[in-house]
Structure formats: structure tokens, C-alpha cells
Amino acid sequence: HDRFLYGLWERSSHNVSLLTSQSLPSKTVDSSVLASAYDVFCSFCDTFSHHLLAVNDDDFLNRYHKPAKHDHNFKVTETKDQISAKEIVLALKNILNDLYWLRPV
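Heads up, the working numbering is the position in the sequence shown plus 136, with the first residue counted as 1.
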């Protein structure tokens, strides 16, 4: 189950730049590509929110809110194959801000 969620998150997180104004102007991106990117991100959000219904607070913190690890040179090292709640919140913030304020339909 966690591998499926992580795979869906990987696919969704790669589409965030398409869904925000930080990417190329929307006029240069095919509307079917944008619709597909929204579908993937919405699918992740739906699946993840349903998954979180069965997760208690301690499990959530252990799985999705691990502090950044530092190596001996004080460089931040990323943990692969892990979903970060912070990354999800930032992605949603950027997408929704763009959708409702910068490029309203």
C-alpha cells in the first residue's frame, strides 16, 4: 500500500510545475496534458486522504513528518521512498493559489 501511494506521489509531484504559474505559460501547455496532471494529483489526494483515515497521530508523524537528516558535513540528506507531509502541503498551496488567484477559470 505504501509503495502504491509513493508511486502516485512521485507521479503527482512531477506534475506540480505544470499546474502552477512557475512553469511555462498555460497557453503553451496542451489542455489535455493539464487535465491529466490534475487528474493524477486529485487521485493522489483522494487516495492519500482515505489512507490517512486509518492512521493514528503517532504513525502519521513517524511516516510523513520525519525531520531532515544531516550528514557529517551538515548537508541535508533526503530519505528516498518516503512521502513528506510538508511537500504535499506546499504543492497543494501552490496549485490552489494558482488555480483560484493567478489563473482563475
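In this text, a Cβ means the ideal position worked out from N, Cα and C, and glycines have one as well.
What first and last residue would you give for the alpha helix (DSSP H) that runs through residue i?
i              : result
lysine 229     : 221–233
histidine 187  : 167–188
valine 152     : 138–155
asparagine 192 : Per DSSP, asparagine 192 belongs to no alpha helix (DSSP H) and is neither H nor E.
Compare the C-alpha of residue i against each of the options and name the closest.
i              : options                           : result
leucine 235    : Thr183, Asp193, Leu170 and Ile219 : Leu170
aspartate 182  : Asn230, Tyr200 and Leu144         : Leu144
glutamate 146  : Asp166, Lys202, Ser179 and Val165 : Ser179
asparagine 198 : Val225, His187, Gln218 and Ser185 : Gln218
arginine 139   : Asp166, Val165, His187 and Lys222 : His187
serine 149     : Ile231, Asp193 and Ser167         : Ile231
asparagine 233 : Tyr142, Leu141, Thr156 and His137 : Thr156
Go ahead and label residue i buried or exposed: buried means 16 or more other beta carbons lie within 10 angstroms of its beta carbon, across all protein chains shown.
i                 : result
leucine 154       : buried
asparagine 151    : buried
threonine 213     : The predicted position of threonine 213 is uncertain, since its pLDDT is 49 and thus under 50; a value taken from the coordinates is nonetheless stated next. Result: exposed.
alanine 227       : buried
phenylalanine 196 : exposed
alanine 173       : buried
Check the C-beta distance from residue i over to residue j and give it rounded, since I have them as a contact under 8 Å.
i          : j            : result
serine 185 : tyrosine 200 : Contact flag wrong, Cβ pair sits at about 12 Å.
Is there a C-beta anywhere in chain D that falls below 7 Å from the one on residue i?
i          : result
lysine 229 : The chain inventory of the structure shown lacks chain D, comprising one protein chain alone.
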